[in-house]
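Remarks on the structure that follows.
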Amino acid sequence: NICHVAEERTIIHSGDGSRKDTIRRGEESFSVDEFASFKEDNRAILDRFETADWETSRQMCLEYGHILMEDYSNNYFLLVALEEEMKGNRKRMERLAKQGQIISQIFQLAEPMKRPPRDLVPRFFDRFENPASRAPFQEGVDHFVKHIISRAIDKKKEEAATAAAEAEAQHAAEDPPQPVSLVEAMHKMSKEERMGPGGLDPIEVFETLPEVLQECFKSGDVELLKKVATQMDPVEFEKHFQRCIESGLWSGG
């Protein structure tokens, strides 16, 4: 008789501009808008039931069964208990959990009988008529409270991870990394790390290049390199270009 809380929210945007917002809890799903309307319309009864003692709870379940024995009421006490625990309101969470377990355990009693939960209200309260007989009910409450505490810890971690990922994505969008030229990158390497395939140091080779060739490799502009090749003495260009290949400044691939 232990209820578990694990919810997933889904928002679907339609082509006509409308939006369907649902929460899934276990195998159940319900409209967020309808849930909000239910809470607003029945706020006074939900608040009264939250603080009701055992006998008042019985009376309210009988009198307001059309509200308290609704799926939305069951979901309300479970989800709000989780929210309150996440806010650090332990006492209210425990109160909500206990009242929520009255509703939830009536639902569980009705399910195998294929009966509306409202029909099982008298049987549920008769079962726990004496305070001494309520130990099984309280055991269910205690287990549920422990689960709420555990789930709140996990959900806080999930929200923190999501917030961190969103902040990182936002930072990356606002301040994208700037490309670094090969020449700049090589200045940050040790001589052994940057040594080219022909055994030449690319920085030393770069510093011996004519200024116009240096500009080609600084900018990584291939079209400029082609243009320089047509304007420079072919023998001189070939000499410099071969050293660029041997130093790794230029790769034939």
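Residue numbers for the sequence shown follow the numbering used here, so the first one is 1045 and each next one is one higher. We treat Cβ as the ideally placed atom computed from N, Cα and C, and that holds for glycine.
**OP:** Give the C-beta separation of residue 1143 and residue 1094 to the nearest angstrom, bearing in mind that I take them to be a contact with Cβ-Cβ under 8 Å.
**Re:** 6 Å
**OP:** Reducing DSSP to helix, strand and coil, say where residue 1075 ends up.
**Re:** strand
Subject >> Completely contained alpha helix (DSSP H) runs for the segment 1208-1275, where each covers 4 or more residues >> reply: 1226-1231, 1235-1238, 1246-1252, 1255-1263 and 1266-1275
Original post:
Rounded to a whole number of angstroms, what is the C-alpha to C-alpha distance between residue 1090 and residue 1096?
Top reply: Approximately 10 Å between the Cα atoms of the pair.
Original post:
With a CB to CB cut of under 6 Å and the five nearest residues on each side skipped, what residues in its chain are close to residue 1164?
Top reply: 1150, 1153 and 1154
**OP:** Find out if the Cβ-Cβ distance for the pair residue 1146, residue 1117 is shorter than 7 Å.
**Re:** no
**OP:** Measure from the alpha carbon of residue 1076 to the alpha carbon of each residue in 1100, 1218 and 1115, then state which is nearest.
**Re:** 1115
Original post:
Given a threshold of 16 other Cβ atoms within 10 Å of its Cβ, counted over all protein chains shown, does residue 1137 qualify as buried or as exposed?
Top reply: buried
Original post:
Do the segment 1233-1252 and the segment 1163-1182 touch if we need at least three Cβ pairs shorter than 8 Å?
Top reply: Result no; under three Cβ-Cβ pairs closer than 8 Å.
Subject >> Length of the line joining the Cα atoms of residue 1301 and residue 1202 >> reply: Any answer about residue 1301 is impossible in this case: the structure gives the chain only from 1045 up to 1297.
**OP:** Enumerate in chain order the residues of its own chain whose CB-to-CB distance from residue 1157 is below 8 Å, with the five nearest sequence positions on each side excluded.
**Re:** 1164
Subject >> Exposure of residue 1132, with buried meaning 16 or more beta-carbon neighbours within 10 Å >> reply: exposed
**OP:** Kindly indicate which residue of 1204, 1291 and 1130 has the alpha-carbon position closest to the one of residue 1246.
**Re:** 1291
**OP:** Kindly indicate which three-state DSSP category residue 1204 falls into: helix, strand or coil?
**Re:** Secondary structure of residue 1204 (DSSP, three-state): helix.
**OP:** Measure the alpha-carbon distance for residue 1186 versus residue 1141 and round it to whole angstroms.
**Re:** 9 Å
Subject >> Where residue 1108 sits in the DSSP three-state scheme >> reply: coil
Subject >> Cβ-Cβ separation, residue 1272 to residue 1260 (assumed contact under 8 Å), whole Å >> reply: 6 Å
**OP:** Can you give me the Cβ contacts of residue 1086 inside the same chain, cut-off strictly under 6 Å, excluding the 5 residues immediately before and after it?
**Re:** 1111
Original post:
Beta-carbon separation of residue 1162 and residue 1104 under 7 Å?
Top reply: Not closer than 7 Å, so no.
Original post:
Measuring CB to CB, does residue 1181 end up less than 7 Å from residue 1188?
Top reply: Remark: C-beta atoms of residue 1181 and residue 1188 do not approach each other more closely than 7 Å.
Subject >> Same chain only: Cβ atoms within 7 Å of residue 1257, ignoring 5 sequence neighbours per side >> reply: 1272 and 1284
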